[in-house]
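Chain order of the listed sequences is L and W. All you need for my numbering is the position in the first sequence, starting with 1, plus 52. All you need for my numbering is the position in the second sequence, starting with 1, plus 2. Beta carbons are placed, not taken as given, at the ideal position from N, Cα and C, and that holds for glycine. Worksheet for the structure shown next.
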Amino acid sequence: MAGVVGAAIDALMLSSIYILMSLGFALVLSINNILNFAHGALYMLGGYVCYYLAVQCGLNQWLSLLLAAVLLGLLGLFLERFCFRPFFGDPNRIIIMSIALILILETTANWFAGAGTRTIPSFAHGILKSGAISVSVERMATLIVGGVLLAVLTLFIGKTKTGKQMLAVAQNPEGAILQGIRIRRVSALAVAMSCALAAVAGSFMGALFDLKPFMGGNMLIKAIEVVVLSGIGSVGGILAGGLIIGTLDAVLPLLAGGAVTQAVGLGIIIILLLFKPQGLFGREGA
Amino acid sequence: MKRKRVLLSVGGLSLFLVLLVMSVPLVAAGAEKTQPQILTIGCLAGLTGFASPAERITAQGYQLGADYINDKGGITIKGQKYLIKLVMEDHKCTAEGAANAATKLLFDHKVKFVAGGVMPFTIIAANSVLGPAKVLFATNYNCATPQEYGPTTPYQFVTTNATVEGMASMLEYVAQARPEVKTIAVILPEDGSAAILFPMVIQMAKARGMTVSGDAITFAMDAVDFTPIAKKAMGRNPDAIFMGNGWPSMQGSILKTARQSGYTKLIFQTNYAAADAILKVAGPEASTNFFLHSVTPGERTNPPLMEEVFRRTKAKYGHEEIMFTHKGFDNIYILAQAIEAAQSLDPTDVKNKWEKMDKIVGSTGTGRMCGQKTYGINHSVCLPDPIAGLVNGQVKHLKWMNVIMTP
Chain L
53 MAGVVGAAID ALMLSSIYIL MSLGFALVLS INNILNFAHG ALYMLGGYVC YYLAVQCGLN
113 QWLSLLLAAV LLGLLGLFLE RFCFRPFFGD PNRIIIMSIA LILILETTAN WFAGAGTRTI
173 PSFAHGILKS GAISVSVERM ATLIVGGVLL AVLTLFIGKT KTGKQMLAVA QNPEGAILQG
233 IRIRRVSALA VAMSCALAAV AGSFMGALFD LKPFMGGNML IKAIEVVVLS GIGSVGGILA
293 GGLIIGTLDA VLPLLAGGAV TQAVGLGIII ILLLFKPQGL FGREGA
Chain W
3 MKRKRVLLSV GGLSLFLVLL VMSVPLVAAG AEKTQPQILT IGCLAGLTGF ASPAERITAQ
63 GYQLGADYIN DKGGITIKGQ KYLIKLVMED HKCTAEGAAN AATKLLFDHK VKFVAGGVMP
123 FTIIAANSVL GPAKVLFATN YNCATPQEYG PTTPYQFVTT NATVEGMASM LEYVAQARPE
183 VKTIAVILPE DGSAAILFPM VIQMAKARGM TVSGDAITFA MDAVDFTPIA KKAMGRNPDA
243 IFMGNGWPSM QGSILKTARQ SGYTKLIFQT NYAAADAILK VAGPEASTNF FLHSVTPGER
303 TNPPLMEEVF RRTKAKYGHE EIMFTHKGFD NIYILAQAIE AAQSLDPTDV KNKWEKMDKI
363 VGSTGTGRMC GQKTYGINHS VCLPDPIAGL VNGQVKHLKW MNVIMTP
């Protein structure tokens with residue numbers, strides 16, 4: 053029983069990180085029609101920014117997390133304006149741009165902070181114990197903050213005017229323009245939110261594990277797995293996809309060797325795409 | 003008579019002039035020998051890629067080794083001084099990156115000696131280029147896979163204690179310090195070595211009165227979360243958890259998760275990682291009842307050379323993750339000893355001399371060549387091993403293990 057509860061919490065915690073990452077990736081993909089391969093590198097950068105604020109500047113970890121999200125959000129505005137907007141409608145150039153961003157961000161991080169071990173101090177300390185069940189407060193905090201953030205984001209997209217504008221742009225950009233929606237503003241907001249979400253995910257992972265300049269690659273693959281599994285254009289789908297991939301990654305290593313889990317996640321996606329090319333919750337033709 | 007004297011004078015003068023002319027190149031050569039020449043050694047390091055945080059620290063150690071030798075005047079071969087110049091190539095922590103880096107060292111830099119290399123797939127890939135060219139390859143580690151190191155790699159040496167040496171000395175220490183440990187769960191990375199190492203662990207543990215619980219628990223080198231790995235090991239309820247190879251980020255994560263999940267028994271690792279790096283990843287709360295191979299700065303029993311490496315690491319790079327810099331330092335320092343002992347820059351001469359050397363000095367003390375039975379080749383340098391512990395969030399030196407000769 054204790055093992056099952058522990059595995060469930062681990063699965064939820066990992067899923068919440070995957071969902072935060074995937075939601076940012078999916079926002080930019082569905083609203084801006086950009087496959088932002090630099091999303092993993094932005095996740096890494098967010099972690100390092102939080103580290104420098106918390107460890108080098110001595111700020112409180114939570115404040116550092118908030119500032120890292122804000123700073124990465126501002127970086128997102130810059131990227132949208134100067135790196136993506138000039139190439140809207142030209143997917144090849146945007147892909148090259150995002151790959152260039154990966155190289156620039158990873159090389160810069162490697163140059164300045166690549167040698168040695170760096171971790172963000174834990175966001176919460178202690179262990180919650182109930183009988184045979186032990187759960188770290190840090191993991192619970194990650195899970196709760198991730199969950200709250202997702203709920204806020206879902207409400208924002210579903211209930212606010214700006215959120216609805218984002219959905220409109222994602223569904224039909226031409227129609228959105230005809231309705232008077234300022235599509236550039238919505239695009240910029242989407243990239244900023246995406247970067248801020250990546251920073252939150254990177255900061256949590258940097259505290260739970262450690263920071264590495266090349267840590268974004270694996271997480272980018274996870275985000276792509278979740279988005280493809282879910283289908284493009286569905287927030288609910290991202291939640292479900294993140295839960296599935298997170299649970300597989302948290303539970304499968306208990307049953308089999310480590311490398312098998314990586315293959316199984318991708319195997320599931322390949323099989324799914326054969327039968328349901330639009331993903332589990334995606335729209336036909338999306 | 004007078005004529006004879008004149009002839010003698012002319013002859014003497016001629017002889018003097020001839021000797022003078024002949025001595026010019028000799029004097030010049032002597033002067034040349036006083037001018038040090040440069041010996042270029044290639045170096046393979048993961049400057050980018052998943053293991054680069056630790057590999058870059060190791061690369062600093064390579065440079066510290068070269069600096070130390072050069073500060074002492076270099077090495078002398080047949081009266082000629084040589085200063086060491088390292089040419090570092092990034093293997094990107096991938097096999098293809100290692101093959102490319104080795105190719106560059108061989109064909110662009112035309113080196114005869116290559117140092118570095120830690121992970122088995124990088125060493126195997128580099129060897130596919132360096133081996134056929136008979137370049138002497140002094141690796142910094144090995145994981146005991148036959149493709150990586152053995153009779154098929156006659157020009158390869160391992161300059162410091164590696165997986166097998168680490169497992170032997172750590173299990174010996176655990177048997178001495180914690181005789182109550184009778185069962186262990188074994189965690190190994192999936193880097194191609196788990197199938198080779200696991201039977202060795204079973205055998206070594208059995209020889210020390212321990213049994214291994216279940217099969218090897220393996221993890222992918224690019225895993226994101228190590229929580230399930232720690233929980234799988236805990237699920238077997240062993241007296242202790244044994245971690246074979248892996249980087250501090252992996253082992254620190256496993257330690258942290260195990261402690262956060264309520265596992266309070268002994269956890270130990272058998273490869274060589276900086277104690278403070280693991281402490282950083284696991285955090286002070288989780289860093290207790292943990293044994294590892296790591297040097298401890300300032301410990302009174304440390305050899306002077308180790309303290310020198312520590313001092314130089316702090317002075318040049320400003321950090322204290324010295325286990326990796328020590329490994330890197332020894333890699334270059336020991337290779338240079340072998341070259342100097344051979345009194346030759348020919349890799350074959352150096353190989354022939356090195357495998358017969360009965361004493362070789364590293365920063366942890368004096369070692370010997372070993373490994374004939376285990377690897378099929380006696381090209382491993384076995385050195386004294388430092389055992390440290392993480393106790394209540396502090397790094398503590400526990401014991402120096404004398405050289406355990408790998409058969």
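- Listed along chain W, the residues sitting closer than 9 Å to valine 303 of chain L by beta-carbon distance are Pro230.
- Assignment of beta-bridge partners to cysteine 45 of chain W by DSSP yields W:Met90, W:Ala117.
- Inclusion of methionine 73 of chain L and alanine 253 of chain L in the CB contact set at 8 Å is warranted, their separation being smaller than that value.
- At a beta-carbon threshold of 7 Å, none of the residues of chain W lie near serine 68 of chain L; the nearest stands roughly 12 Å away.
- The criterion of a C-beta distance shorter than 8 Å is not satisfied by valine 160 of chain W and proline 349 of chain W.
- For phenylalanine 123 of chain W, there is no enclosing beta strand (DSSP E); the enclosing alpha helix (DSSP H) has its first and last residue at 122 to 132.
- With at least 16 other beta carbons inside 10 angstroms of its own, serine 150 of chain L counts as buried.
- Leucine 138 of chain W carries a strand assignment under DSSP once its states are collapsed to helix, strand and coil.
- Of the other Cβ atoms in all chains shown, fewer than 16 fall within 10 Å of the Cβ of arginine 234 of chain L; this residue is therefore exposed.
- Exclusion of the five residues before and after threonine 194 of chain L leaves Met65, Phe256 as the residues of its chain whose Cβ lies within less than 6 Å of its Cβ.
- Contact between alanine 275 of chain L and phenylalanine 333 of chain L does not hold, since the beta-carbon distance rounds to 16 Å and is not under 8 Å.
- Excluding sequence positions up to five before and after arginine 261 of chain W, its CB lies within less than 6 Å of the CB of Ala288, all in the same chain and listed in chain order.
- In this structure proline 38 of chain W touches glycine 76 of chain W by the C-beta definition: roughly 5 Å separates them, less than 8 Å.
- Non-local beta-carbon contacts of aspartate 217 of chain W in its own chain, meaning distances under 8 Å to residues more than five positions away in sequence, involve Phe200 in chain order.
- Taking C-beta atoms as the reference points, glutamine 217 of chain L and valine 187 of chain L fail to come closer than 8 Å.
- Positions of the beta strand (DSSP E) runs, each at least 3 residues long and wholly inside the segment 112 to 179 of chain L, cannot be given because no such run exists.
- DSSP places alanine 220 of chain L in the uninterrupted alpha helix (DSSP H) bounded by 213 to 223.
- Scanning its chain for C-beta atoms nearer than 7 Å, with the 5 sequence neighbours on each side dropped, one finds around leucine 81 of chain L the residues Leu87, Val279, Ile284, in chain order.
- The alpha carbon of glycine 264 of chain W has as its nearest neighbour, out of W:Asp278, W:Gln253, W:Ala232, W:Asn247, the alpha carbon of W:Ala232.
- The DSSP-derived three-state label of leucine 263 of chain L is strand.
- By the rule that beta-carbons nearer than 8 Å mark a contact, alanine 140 of chain W does not touch chain L.
- Around valine 166 of chain W, the same chain offers Ala146, Met202, Thr376, Thr408 as residues with beta carbons nearer than 7 Å, after the five sequence neighbours per side are excluded.
- Sorting W:Ser130, W:Val383, W:Met206, W:Lys353 by C-alpha distance to the C-alpha of tyrosine 143 of chain W places W:Val383 at the top.
- In this structure, threonine 60 of chain W and lysine 329 of chain W form a Cβ contact; the two beta carbons are roughly 6 Å apart against a cut-off of 8 Å.
- According to the DSSP assignment, cysteine 102 of chain L belongs to the alpha helix (DSSP H) that extends over 91 to 103.
- By the Cβ-count criterion, threonine 315 of chain W is buried, with 16 or more other Cβ atoms from all chains shown falling within 10 Å of its own Cβ.
- Residue burial is scored here from C-beta neighbours: phenylalanine 312 of chain W has at least 16 other C-beta atoms within 10 angstroms and is therefore classed as buried.
- Annotation: the continuous beta strand (DSSP E) that includes asparagine 273 of chain W extends over 268 to 274.
- Pairing leucine 153 of chain L with cysteine 135 of chain L gives a Cβ-Cβ distance under 8 Å.
- In this structure the segment 168 to 178 of chain L touches the segment 101 to 109 of chain L; the number of beta carbon pairs closer than 8 Å is three or more.
- Between asparagine 270 of chain L and valine 226 of chain W, the C-beta spacing is below 8 Å.
- In this structure, proline 250 of chain W sits near alanine 279 of chain W, with a CB-CB distance shorter than 8 Å.
- Exclusion of the five residues before and after threonine 124 of chain W leaves His93, Ala100 as the residues of its chain whose Cβ lies within less than 6 Å of its Cβ.
- Using a C-beta cut-off of 8 Å, the segment 227 to 246 of chain W makes no contact with the segment 346 to 364 of chain W, since fewer than three inter-stretch Cβ pairs fall below that distance.
- Assigned with DSSP and collapsed to three states, arginine 313 of chain W falls in helix.
- Closer than 8 Å to the CB of threonine 171 of chain L there is at least one CB belonging to chain W.
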